[in-house]
Amino acid sequence: MKYYIIAGEASGDLHASNLMKELKKKDPQAEFRFWGGDLMQAQGGTLVKHYRDLAFMGFAEVLMNLKTILGNISVAKKDIEAYQPDAVILVDYPGFNLRIAEFVKKLGIKVYYYISPQIWAWKTGRVHKIKKVVDKMFVILPFEEEFYQRYDYKVDFVGNPLLDSLNNLPEIDEAKFRKDNNLDDRPIIALLPGSRTQEIKVKLPLMLSVQKDFPDYQFVVAGAPSQPIKNYKEIAGDDLKIVENRTYDLLRISYAALVTSGTATLETALLKVPEVVCYKGNRISYEIGKRVVKNIRFISLVNLIMDKEVVKELIQHELTYTNIKHELNLILNTPKRAQILSDYKELYHKLGGVGASERTANLIVDDLKK
Numbered sequence: 016m017k018y019y020i021i022a023g024e025a026s027g028d029l030h031a032s033n034l035m036k037e038l039k040k041k042d043p044q045a046e047f048r049f050w051g052g053d054l055m056q057a058q059g060g061t062l063v064k065h066y067r068d069l070a071f072m073g074f075a076e077v078l079m080n081l082k083t084i085l086g087n088i089s090v091a092k093k094d095i096e097a098y099q100p101d102a103v104i105l106v107d108y109p110g111f112n113l114r115i116a117e118f119v120k121k122l123g124i125k126v127y128y129y130i131s132p133q134i135w136a137w138k139t140g141r142v143h144k145i146k147k148v149v150d151k152m153f154v155i156l157p158f159e160e161e162f163y164q165r166y167d168y169k170v171d172f173v174g175n176p177l178l179d180s181l182n183n184l185p186e187i188d189e190a191k192f193r194k195d196n197n198l199d200d201r202p203i204i205a206l207l208p209g210s211r212t213q214e215i216k217v218k219l220p221l222m223l224s225v226q227k228d229f230p231d232y233q234f235v236v237a238g239a240p241s242q243p244i245k246n247y248k249e250i251a252g253d254d255l256k257i258v259e260n261r262t263y264d265l266l267r268i269s270y271a272a273l274v275t276s277g278t279a280t281l282e283t284a285l286l287k288v289p290e291v292v293c294y295k296g297n298r299i300s301y302e303i304g305k306r307v308v309k310n311i312r313f314i315s316l317v318n319l320i321m322d323k324e325v326v327k328e329l330i331q332h333e334l335t336y337t338n339i340k341h342e343l344n345l346i347l348n349t350p351k352r353a354q355i356l357s358d359y360k361e362l363y364h365k366l367g368g369v370g371a372s373e374r375t376a377n378l379i380v381d382d383l384k385k
């Protein structure tokens with residue numbers, strides 16, 4: 016079979032690459048053409064466009080880059096039509112991918128959606144479009160299945176692919192890791208300020224502002240694959256401690272973390288690292304978002320899945336030096352740390368166990384065979 020896959024972000028690249036690996040097991044002659052990143056490229060096939068050229072975050076940023084986005088959509092449509100795949104697999108990235116789904120459906124090509132858009136938070140009306148243009152939706156959060164049921168649309172809860180990624184991690188030699196990355200023996204506080212330049216510029220200085228208050232710890236930035244080290248140094252200075260492209264390994268030896276919202280909050284929790292969630296976006300985008308997001312109490316996936324505050328969220332004006340210092344103290348030294356780690360165990364069980372990539376690949380190939 017010929018598969019055309021579109022993933023527009025770093026997390027999508029990770030999950031799509033694992034799905035490709037499982038698809039090849041079920042379909043050894045599989046051919047891939049895709050929009051994604053380095054991890055997908057490592058699985059073989061043809062990379063059309065890298066996700067670093069696609070990622071625009073927030074309402075204001077999307078408006079400023081609308082011409083580029085529309086141009087990319089046009090390129091994708093023409094490329095799919097020329098390639099004539101047996102199936103198009105769309106990975107999250109809804110503003111782009113739902114337009115592609117509508118186009119592909121009209122071509123009579125099967126449309127599979129892996130990792131549902133977060134329409135349960137906002138733009139719930141998109142569910143009606145999804146029902147029309149997506150042949151099968153594979154969801155990775157337990158509450159999403161019930162959400163779609165309310166609209167009489169059957170989806171498959173396949174478990175969360177992060178469990179696969181984390182389950183396959185090789186052993187880590189902590190002493191060697193510290194030496195290779197010029198880290199000393201102090202406990203590590205990992206900083207995950209995001210993967211986009213605009214969010215790193217805002218959050219990293221705030222995260223580092225409390226460094227002087229915790230001299231017994233070392234603050235280490237997890238460098239995103241799409242960001243050269245010079246970008247971080249320009250923002251935070253040459254003395255910055257940074258580990259490139261080894262976020263999971265850094266987290267595995269960290270004592271606590273300051274993490275921007277998104278998938279990283281869940282990854283950090285599944286690696287059993289107490290965290291404070293830090294979010295501060297473009298003011299216009301935030302104000303618009305606050306008005307359109309419906310019925311959502313939290314922004315971090317950890318708290319959303321558990322339906323309670325497991326980790327503290329410092330959002331927008333709450334993300335200050337004083338608040339970061341206070342919350343970081345709590346997760347380092349008090350009973351709150353033990354409670355967070357206990358809640359993390361329950362979180363793991365709620366996510367359905369390992370095997371999401373394999374289950375999704377099986378469902379796709381079996382459906383194509385019909």
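Residues 16 to 385 in my numbering are what the sequence shown lists, from first letter to last. Built from N, CA and C at the ideal position, the CB exists for glycine as well. Remember, predicted model here, so these are calculated numbers, not experimental data.
| Query | Result |
| --- | --- |
| Paired residues, beta bridge with VAL258 - DSSP | ALA237 |
| Through-space distance from VAL217 to GLN233, alpha-carbon basis | 21 angstroms |
| Entirely enclosed beta strand (DSSP E) segments - the stretch 130-158, minimum 3 residues | 151-154 |
| C-alpha distance - TYR336 paired with PRO100, whole-angstrom precision | 51 angstroms |
| Residues near GLU189 by beta carbon distance below 6 angstroms, same chain, minus five either side | ILE268 |
| Three-state class that DSSP yields for THR61 in the structure shown | strand |
| Per-residue DSSP class, three states only, for VAL45 | What sits at residue 45 in the sequence shown is Ala, not Val. In the structure shown, ALA45 sits in coil (DSSP, three-state: anything other than H, G, I, E or B). |
| Run of the beta strand (DSSP E) containing GLU290, from where it starts to where it stops | 290-294 |
| Cβ shell of ASP42 (< 7 angstroms), same chain only, five flanking positions each side left out | MET16 and VAL380 |
| Assumed close pair THR280, VAL235 - CB separation to whole angstroms, cut-off 8 angstroms | Not quite, the Cβ-Cβ distance comes to about 18 angstroms (not below 8 angstroms), so this is no contact. |
| Range covered by the alpha helix (DSSP H) that runs through SER357 | 350-365 |
| Rounded separation between LYS360 and ASP107 - CA only | 26 angstroms |
| CA-to-CA distance, PRO230 to ILE134, given in whole angstroms | 43 angstroms |
| Helix, strand or coil at LYS40 according to DSSP, with G and I counted as helix | helix |
| Integer Cβ distance of SER26 from MET55, believed to fall under 8 angstroms | Wrong, their Cβ atoms sit about 12 angstroms apart, outside the cutoff. |
| Within 8 angstroms, strictly: CB atoms of LYS92 and ILE124 | no |
| Host alpha helix (DSSP H) of ILE115 (start-end) | 109-121 |
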